[in-house]
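In our numbering, the protein residues as written are 448 to 967. Here a beta-carbon is modelled for each residue, glycine too, at the ideal position from N, C-alpha and C. Below is one structure, written out as structure tokens; comments come after it.
What follows is the structure, given as structure tokens:
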């Protein structure tokens, strides 16, 4: 029982004792009804405490389960990161621990699959392209050696196959436009992902798997790119590929010296940005400077502000240490049969980061051994575990640039470009609609202003007329009042004359009656 459960039970016990004491002491002074009500209230409170204790107990169990699952998720995340970025880096090019030194060239060619260089373009349209392949395959990966072959057989190069055995219908390839350089024709622009629609002898027709961007359409027709490079696999990113020619691994540059002038020219970034302060740059320039600095720092001492996932550690072994699980073992349904897969069938490594391509597997089943005094670079978790378990001591941090998935990067760039173009069309349409609406509105405003001027003129005229009418009405009103007064006077005089006439008539009647004798 945890501390919360013990506290809850203690509260229950104390409340029960207190309740019994109070009930015994107050029973005689209280009535039966009061005692029953108090008992019911206590039982309800006790029930609530028990339910709260049960909820707290379940909550603690869930919290412990969450902590365990969180730790497990963190461990799995570290393992996935380890498998994603590779578990071993060899600053001294001691490839005996991963790939024999004599297989270095084979590994480089293997990572690119077959390559046809200097293929001559023939007919090019936005929906198809026809090229003539060179007489030989420029890069042909070695075949997997027999299980019983020795190291010499594993390193033996395979004779080139004929071009007729090359690209087949429905094959997916990656095209690059080539430009001349001191080292020969080198790929310099990505033309896109294509699908083979027809292949006959050395003439191959492709169609783009997605809609090409305007830049790619322009490069297809440009006379600068008369020859193309055809890759069966998208070239893999590599730490060593960007080291300066002739440089060798050193203590502070485990993959060789990085040349900022060459990198700046390759990435299309001003080399001066490598030494610039990011806070003093515009956002776009700061992003370029960050990218250039990430390549220049690759394999060197980790900067103070480097992201945690890019910081690995150089360790020095103080005890012998063996790693046995390097290559994939028996993963197939048949016991004792190794699981092998070609790169075209799903890659070089399995989900645990172990080699499944037989051409990359070690020739020996012996574990990889680190001896006392060996120095190596590991990711943070592995380096900490080695030091914690007493196998090695951490010497210092090393910056390791995250490798790029160019195939995904080109597709994502294409998706974002397409979306930006669609957004641009939408914004352009809405802008044109806004301009049209604004033009109509301005025309309506102009007409309204003209109408307003007319209304103002009419209003001014109406005001003048209203003033005249008002004056006339006032004058007529005064005339009416005068006429009323005059009529009142006339009426009064008429009434007075009428009274006089009536009075005179009565007098005459009386006079006449007095002078005329009465009729008998």
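To the nearest angstrom, how far is the alpha carbon of residue i from that of residue j?
{"i": "residue 903", "j": "residue 889", "result": "20 angstroms"}
{"i": "residue 583", "j": "residue 675", "result": "14 angstroms"}
{"i": "residue 700", "j": "residue 647", "result": "48 angstroms"}
{"i": "residue 748", "j": "residue 845", "result": "5 angstroms"}
{"i": "residue 885", "j": "residue 892", "result": "10 angstroms"}
{"i": "residue 755", "j": "residue 687", "result": "22 angstroms"}
{"i": "residue 566", "j": "residue 673", "result": "9 angstroms"}
{"i": "residue 840", "j": "residue 833", "result": "8 angstroms"}
{"i": "residue 465", "j": "residue 483", "result": "16 angstroms"}
{"i": "residue 640", "j": "residue 706", "result": "31 angstroms"}
{"i": "residue 716", "j": "residue 656", "result": "30 angstroms"}
{"i": "residue 728", "j": "residue 734", "result": "9 angstroms"}
{"i": "residue 938", "j": "residue 952", "result": "20 angstroms"}
{"i": "residue 872", "j": "residue 879", "result": "10 angstroms"}
{"i": "residue 960", "j": "residue 948", "result": "18 angstroms"}
{"i": "residue 876", "j": "residue 730", "result": "29 angstroms"}
{"i": "residue 882", "j": "residue 622", "result": "42 angstroms"}
{"i": "residue 900", "j": "residue 894", "result": "10 angstroms"}
{"i": "residue 835", "j": "residue 714", "result": "41 angstroms"}
{"i": "residue 493", "j": "residue 481", "result": "18 angstroms"}
{"i": "residue 911", "j": "residue 922", "result": "16 angstroms"}
{"i": "residue 505", "j": "residue 498", "result": "11 angstroms"}
{"i": "residue 453", "j": "residue 863", "result": "59 angstroms"}
{"i": "residue 905", "j": "residue 925", "result": "29 angstroms"}
{"i": "residue 517", "j": "residue 827", "result": "19 angstroms"}
{"i": "residue 954", "j": "residue 933", "result": "31 angstroms"}
{"i": "residue 916", "j": "residue 929", "result": "19 angstroms"}
{"i": "residue 750", "j": "residue 521", "result": "25 angstroms"}
{"i": "residue 570", "j": "residue 718", "result": "39 angstroms"}
{"i": "residue 927", "j": "residue 887", "result": "56 angstroms"}
{"i": "residue 859", "j": "residue 865", "result": "10 angstroms"}
{"i": "residue 507", "j": "residue 458", "result": "19 angstroms"}
{"i": "residue 868", "j": "residue 669", "result": "22 angstroms"}
{"i": "residue 503", "j": "residue 471", "result": "32 angstroms"}
{"i": "residue 723", "j": "residue 732", "result": "10 angstroms"}
Is it buried or exposed, residue i, if we count other Cβ atoms within 10 angstroms and call 16 or more buried?
{"i": "residue 814", "result": "exposed"}
{"i": "residue 681", "result": "buried"}
{"i": "residue 950", "result": "exposed"}
{"i": "residue 679", "result": "buried"}
{"i": "residue 855", "result": "exposed"}
{"i": "residue 808", "result": "buried"}
{"i": "residue 744", "result": "buried"}
{"i": "residue 690", "result": "buried"}
{"i": "residue 620", "result": "buried"}
{"i": "residue 495", "result": "exposed"}
{"i": "residue 1004", "result": "One cannot answer for residue 1004 here, as it falls past the ends of the chain, which runs 448 to 967."}
{"i": "residue 624", "result": "buried"}
{"i": "residue 736", "result": "buried"}
{"i": "residue 560", "result": "buried"}
{"i": "residue 665", "result": "exposed"}
{"i": "residue 703", "result": "buried"}
{"i": "residue 677", "result": "buried"}
{"i": "residue 830", "result": "buried"}
{"i": "residue 942", "result": "exposed"}
{"i": "residue 757", "result": "buried"}
{"i": "residue 614", "result": "buried"}
{"i": "residue 803", "result": "buried"}
{"i": "residue 461", "result": "exposed"}
{"i": "residue 562", "result": "buried"}
{"i": "residue 746", "result": "buried"}
{"i": "residue 958", "result": "exposed"}
Contact check, residue i vs residue j under 8 angstroms by CB: the rounded distance?
{"i": "residue 650", "j": "residue 643", "result": "11 angstroms between Cβ atoms; not a contact."}
{"i": "residue 683", "j": "residue 638", "result": "That pair is no contact at about 19 angstroms."}
{"i": "residue 725", "j": "residue 739", "result": "Contact flag wrong, Cβ pair sits at about 11 angstroms."}
{"i": "residue 774", "j": "residue 801", "result": "6 angstroms"}
{"i": "residue 626", "j": "residue 671", "result": "6 angstroms"}
{"i": "residue 772", "j": "residue 816", "result": "Contact doesn't hold; Cβ gap of about 14 angstroms is too wide."}
What I want to know is whether the C-beta of residue i ends up closer than 7 angstroms to one or more non-hydrogen atoms of the ligand PLP.
{"i": "residue 568", "result": "Annotation note on the ligand PLP: not contained in the displayed structure, which lists no ligands."}
Counting Cβ pairs closer than 8 angstroms, one from the segment 619-637 and one from the segment 837-851, do we hit at least three? no
Inter-stretch contact (C-beta, 8 angstroms, three-pair minimum) for the segment 817-827 and the segment 760-768: yes
Contact the segment 569-583 vs the segment 698-715: 3+ CB pairs below 8 angstroms: no
Pairs of beta-carbons, one from the segment 650-668 and one from the segment 706-714, closer than 8 angstroms: are there three or more? Short answer: they don't touch.
Segments assigned alpha helix (DSSP H), at least 4 residues, entirely inside the segment 711-769: 730-743
Jot down the residue ranges of each uninterrupted alpha helix (DSSP H) in the segment 825-849, minimum 4 residues, whole runs only, in chain order. Listed in chain order, they are 827-835.
Would you list, in sequence order, the uninterrupted beta strand (DSSP E) runs of no fewer than 3 residues that lie entirely inside the segment 643-693? 650-655 and 674-678
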